[in-house]
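Asks: This is the structure I have questions about; it appears just below.
Residue numbers (the UniProt record's numbering): 1 to 221.
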């Protein structure tokens, strides 16, 4: 098995370290270090599942029985989003990319969620995949840029007739619904996949049907 080699490749591609993996998955950093050094023996299936789910691959791909990363999509840092959009999604030679094994449109790209306002669904520093061409529906998550602000925002879209509202989901921040005005925000795209925290969050019963897969969440139906 090539677990250590594959895990090292995935961590480099996604720009995460053992401490990030511990925080985001619950897998102890010491376990990750041992796997990387090929001294972990046989990791438990629970560890393998958490790591595979985090990187959105199968356990078979993680341990080397199947290939992974058949397609690369751009990874755009938050501070480069404005330039990326203004230049018509033209990649700079210094831009990174990440491997994905899921069907996506040709304009999809990845970036980071830079705040915790959408937790527990989209956690801070998690990777989100954005489709600029997907039509927004109510309860979709959108990536937006507010005029004269450098940092992007992720908000849930709530539609009421012709009006659109932006919703924060983190209950620790009682921020009221904000009405969307095109002159205030630039719509970057709809979030079609994101990597959620693998800890055992209890989803509200009324929201479960909105999420088709807890380990590899897809908002496209």
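Ideal Cβ positions, reconstructed from N, Cα and C, are used throughout, including at glycine.
Considering only the beta carbon of each residue, do residue 71 and residue 104 sit closer than 9 Å?
Replies: Cβ distance < 9 Å, so residue 71 and residue 104 count as in contact.
Asks: Could you check what DSSP says for residue 131 in three-state terms: helix, strand or coil?
Replies: The answer is strand: DSSP assigns residue 131 an E or B state.
Asks: Just to confirm my understanding: we take residue 137, look at its own chain, exclude 5 residues before and 5 after, and list those with CB closer than 8 Å. What are they?
Replies: Same-chain partners within the cutoff: 157, 159.
Asks: Please name the residue or residues paired with residue 224 in a DSSP beta bridge.
Replies: Not covered by the structure: residue 224. The range shown for the chain is 1 to 221.
Asks: Residue 186 bridges to which residues according to DSSP?
Replies: Residue 186 pairs with 145.
Asks: Under 9 Å, do residue 116 and residue 131 count as touching if we go by C-beta distance?
Replies: Result no, Cβ atoms of residue 116 and residue 131 do not sit closer than 9 Å.
Asks: Which residues does DSSP list as the beta-bridge partners of residue 156?
Replies: Residue 156 is bridged to 141, 167.
Asks: How long is the line joining the alpha carbons of residue 7 and residue 163, rounded to whole angstroms?
Replies: Rounded to whole angstroms, residue 7 to residue 163 spans 45 Å at the Cα level.
Asks: From the DSSP output, in three-state form, read off residue 194 for me.
Replies: If DSSP states are grouped into helix, strand and coil, residue 194 belongs with the strands.
Asks: Between which two residues does the beta strand (DSSP E) holding residue 97 run?
Replies: Its beta strand (DSSP E) spans residues 96–100.
Asks: By the three-class DSSP mapping on this structure, what secondary structure does residue 72 have?
Replies: Three-state DSSP puts residue 72 in a strand.
Asks: Hey, residue 170 and residue 119: beta-carbon distance below 9 Å or not?
Replies: Yes; because the gap between Cβ atoms is below 9 Å, this pair is in contact.
Asks: On the premise that residue 98 lies in contact with residue 264, defined as a C-beta separation below 8 Å, what is that separation, rounded to the nearest angstrom?
Replies: Only positions 1 to 221 of the chain appear in the structure, and residue 264 is not among them; the question remains open.
Asks: On the three-state DSSP scale, how would you describe residue 84?
Replies: The answer is helix: DSSP assigns residue 84 an H, G or I state.
Asks: For residue 60, collect the residues of the same chain with a Cβ closer than 8 Å to its Cβ; drop the 5 residues on either side in sequence, then sort them by chain order.
Replies: Only 66 meet the Cβ criterion.
Asks: Could you compute how far the alpha carbon of residue 135 sits from the alpha carbon of residue 144?
Replies: Straight-line Cα distance between these residues: approximately 14 Å.
Asks: May I have the straight-line CA-CA distance separating residue 146 from residue 186, to the nearest angstrom?
Replies: Near 6 Å, if we compare the C-alpha coordinates of residue 186 and residue 146.
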